[in-house]
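Student: 7 is the number of the first residue of the sequence shown in the working numbering; add one for each residue after it.
The beta-carbon is built from N, C-alpha and C at its ideal position, and this holds for glycine as well.
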Amino acid sequence: MSTDKDASVDAGEVGILNAPLGPAPEGIPTALRDREAWVCWHVGCRNCHTTVEYGVETCPECGEDTSKIPDDPTSGRYASSTDSATWTRFEAALAYHEREHTDTEGVGYVFTEDGPFVGVDLDNCRDPETGDLDPWAADAIERCASYAAVSSSGTGIHILAVGELPEGGNRSGNVEMYEDARYFALTGVHIDGTPEEPQSAQDAIDVYSLYGGLTRATGSLLRGDVDLLALGAAVQGRWCVGVRRPRFCRSHTRDPSVGVTLTPIPCCAG
Ligand SMILES: [Zn+2]
């Protein structure tokens, strides 16, 4: 691999498209580094075990799609996001990644059932050259009010929050959430203005889960589709999603002057 492992990335630095961002260890929350749930990762083919350069999407040997494959920093073999024997401490994963002969692209954090964290994955929402975010992603970051970082491609965002996913509710449009049996390739390229450690974001997680059945509800909401807001409240019968105003909740009337802030509030119907 030609990846320059010595290249470090400062928080907020513009993404480089032919190499993954990070890892920037100082930008990774202590609460995550303290858990023994770290792997490394490389891009490769699970079918024929070929390792490819970062950014190569098709295996040159067999034509299968490549993926980000987790590596066990202790054995050097494939890791599994469901086998804790293949995970290690953050420092050990970082040291393995930084070794000359390893083909890894970065480090990854594994979400586990006994851990308190939920990972929120926002795909294709960031311009890697300017750092500009799509409005729906900026809203998600604001609403979760937790630690957020740029994804390895520079085109997405990872939010790490404290919370629990409701049963079966893990995705809504562009937003995917994980709390178990999954890892995030973490860059440590922290989003300015977000907390440095994961914070509780249960309300936001609940909203995304509840709206999972409404295709692209989040995007529509953010374009100010107030009818969809009302529909969502009616469908779910548990939350009003809109403004933090009791008046809105009691009457289900809509006040165009208040805008759409996507704050979950307990609904009179619940
Ligand atoms: Zn292959």
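By the 10 Å Cβ neighbour count, where 16 or more other Cβ atoms means buried, how is T88 classified, buried or exposed?
Tutor: By the 10 Å Cβ count, T88 comes out exposed.
Student: If you drop the 5 nearest sequence neighbours on each side, which residues of the same chain put their C-beta closer than 7 Å to that of A101?
Tutor: Same-chain partners within the cutoff: there are none.
Student: Run the Cβ filter for me: residues under 6 Å from any heavy atom of ligand 1, listed in the order they occur in the chain.
Tutor: So the residues near ligand 1 by this Cβ test are C51, N53, C54, T56, C65, E67, C68, E70.
Student: Can you tell me which of the three DSSP states G125 falls into?
Tutor: DSSP places G125 in strand when its eight states are reduced to three.
Student: From E32 to S157, what distance separates their C-alpha atoms?
Tutor: Going by the C-alpha atoms only, they are around 16 Å apart.
Student: Candidates A25, C46, E42, P141: which alpha carbon is nearest L192's?
Tutor: Out of A25, C46, E42, P141, C46 has the C-alpha closest to the C-alpha of L192.
Student: Output the distance between the C-alpha atoms of F96 and G162, rounded to the nearest integer angstrom.
Tutor: Each residue's Cα considered, the two are about 23 Å apart.
Student: Taking C-beta to C-beta, are Y92 and S86 nearer than 7 Å?
Tutor: The sequence as given places Thr at residue 92; Tyr does not occur at that position. Taking 7 Å as the Cβ cut-off, T92 and S86 qualify as a contacting pair.
Student: Would DSSP call A5 helix, strand or coil?
Tutor: Any property of residue 5 remains undetermined from this structure, which presents the chain solely from 7 to 276.
Student: What does the alpha-carbon distance come out to for the pair L139 and C150?
Tutor: Cα to Cα, the separation comes out at about 15 Å.
Student: Pick out whichever of E170, L171, A144, E182 has its Cα sitting closest to the Cα of D198.
Tutor: For the residues E170, L171, A144, E182, the minimum Cα distance to D198 belongs to A144.
Student: Taking only the alpha-carbon atoms, compute the straight-line gap between Y153 and P201 and give it to the nearest angstrom.
Tutor: Roughly 5 Å separates the two Cα atoms.
Student: Using the Cβ count rule (16 or more neighbours within 10 Å means buried), how would you classify R83?
Tutor: Exposed, since its Cβ has fewer than 16 Cβ neighbours within 10 Å.
Student: Using the three-state DSSP reduction, which class does A187 fall into: helix, strand or coil?
Tutor: If DSSP states are grouped into helix, strand and coil, A187 belongs with coil.
Student: What are the start and end residues of the beta strand (DSSP E) that includes L166?
Tutor: Element bounds for L166: 163–168.
Student: Report yes if the CB atom of A37 is closer than 7 Å to the CB atom of E203, and no otherwise.
Tutor: Result yes, Cβ atoms of A37 and E203 sit closer than 7 Å.
Student: Would you verify that the beta carbon of H48 is, or is not, closer than 7 Å to some beta carbon of chain B?
Tutor: In the structure shown, chain B cannot be found, because there is only a single protein chain.
Student: Whole-angstrom Cβ separation of A43 and G121, contact assumed at under 8 Å?
Tutor: With a Cβ gap of about 7 Å, A43 and G121 count as contacting.
Student: Would you identify the three-state DSSP class for N24, choosing helix, strand or coil?
Tutor: Note: N24 maps to coil in three-state DSSP.
Student: Does the Cβ-Cβ distance between A155 and V113 come in under 7 Å?
Tutor: Cβ distance not < 7 Å, so A155 and V113 don't count as in contact.
Student: Going by beta carbon distance, what residues of the same chain come within less than 6 Å of D78, once the five residues before and after it are set aside?
Tutor: So the list reads A85, T92, once near-sequence residues are dropped.
Student: Within 10 angstroms of its Cβ, does S159 collect 16 or more other Cβ (buried), or is it exposed?
Tutor: Answer is buried; the Cβ neighbour count reaches 16.
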